[in-house]
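Reminder that position 2 of the sequence shown reads as 62 in my numbering, one-by-one numbering, no gaps.
Here's the structure, in structure tokens; my notes come after.
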Amino acid sequence: MKKKIPFPFLVSIFAFTFFIYACDTLRKSPAKPAASRKNNSSVYRRPPAKAPARKPAATSRPTYPRSGSKSDIPQVVQVARTYSGTPYRSGGNDKSGIDCSGLICSVYSEIGIKVPRISWQQSEYGQEIASISDIKAGDWVFFVPEAGKEGYVSHAGIVTDVRGQQEIFFIHASTSRGVREDNLFSTYFKGRFVKAMRPF
């Protein structure tokens, strides 16, 4: 015949087991994961330090050796004039057809000096000339598309001759007439002129 275990004894064993388990669980309970923690707005937290912004890659603005000198200017002008009459061709680089920035790049390439090919890069190459009265032969001149308005550099040329305060001639690749020399103070160019740079 089986003996029955008294009910109060079972209750006490159950209570004792639960108590031991509960205490052990409370001692070993892991911290709540960060995602489940509520943000306490009353506590000040310092924002994380920001990483310094990276500069654009050097490839966006290539560097060029400035191996030229003032003594090269007569040769620059002479070589540039050999392109006179060359028809305009967008992206062109030789006497079969050339554009304005291509003319600058090709002329300097012929005398062994590497310069930027793109007009906006050319407009930042060398030293900017503070005043029109300081422009000399060999300097580069830059223009915007519309007279009297700010905008991107759309045209460039090489100064070939300074004859007076109102006569500064430059050679450039005109879209309608090809490579030719014009006066910076002509009605068309005076209002579009934005800056001059001295490459060396």
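Every residue gets a Cβ at the ideal spot worked out from N, C-alpha and C, and that includes glycine.
Keep in mind it's a predicted model, so treat the numbers as computed, not measured.
Query: Val219 by DSSP, collapsed to three states: which one?; Result: strand
Query: Grab me the residues of Thr247's own chain with a C-beta within less than 8 Å of its C-beta, minus the 5 sequence neighbours each way, in chain order.; Result: none
Query: Along the chain, which unbroken stretches of the alpha helix (DSSP H) at least 4 residues long are found entirely within the stretch 122-184?; Result: 133-141, 160-170, 179-182
Query: Please report the straight-line C-alpha distance between Ile133 and Phe249, rounded to a whole angstrom.; Result: 23 Å
Query: Starting from the C-beta of Gln48, find all residues in its chain whose C-beta is less than 6 Å away, skip the five residues before and the five after it, and write them out in chain order.; Result: The displayed coordinates of the chain run from 61 to 260. Any statement about residue 48 would go beyond what the structure contains.
Query: Would Val239 and Gly217 be called neighbours here (beta carbons separated by less than 7 Å)?; Result: no
Query: Does Lys250 come out as helix, strand or coil in the three-state DSSP assignment?; Result: helix
Query: Identify which residue in Arg149, Glu241, His215, Lys174 has its Cα closest to the Cα of Glu227.; Result: Glu241
Query: Give every residue of the same chain whose Cβ lies closer than 8 Å to the Cβ of Ile195, excluding the five residues on either side of it in the sequence, and list them in chain order.; Result: Ile189, Val201, Val219, Val222, Ile228, Leu244, Ala256
Query: Exposed or buried, Pro205, counting other C-beta atoms within 10 Å across all chains shown (16 or more means buried)?; Result: exposed
Query: If you follow the beta strand (DSSP E) that Arg240 is part of, which residue opens it and which one closes it?; Result: 238-243
Query: Who are the near neighbours of Arg252 in its chain, counting only those whose CB is closer than 8 Å to its CB and skipping five residues on each side?; Result: Phe203, Val204, Pro205, Glu206, Ala207, His215
Query: Indicate whether Ser179 and Ser161 have their beta-carbon atoms separated by less than 7 Å.; Result: yes
Query: On the DSSP bridge assignment, give the partners of Gln225 in chain order.; Result: Beta-bridge pairing links Gln225 to no other residue.
Query: When the Cα atoms are used, what is the spatial distance from Ser96 to Glu210?; Result: Low per-residue confidence applies at Ser96: pLDDT is 43, beneath 50, and the placement is therefore not dependable enough to give any value.
Query: From Val254 to Gly198, what distance separates their C-alpha atoms?; Result: 17 Å
Query: Per DSSP, which residues does Val201 bridge with? Please list them.; Result: Gly217, Ala256
Query: Looking at the structure shown, is Ser191 part of a helix, part of a strand, or coil, going by DSSP?; Result: coil
Query: DSSP three-state call for Arg105: helix, strand or coil?; Result: Because the pLDDT at Arg105 is just 37, under 50, the model does not fix this residue reliably, and the value given afterwards should be weighed accordingly. Reduced to three states, the DSSP call for Arg105 is coil.
Query: Using the C-alpha atoms, what's the distance from Arg237 back to Phe230?; Result: 14 Å
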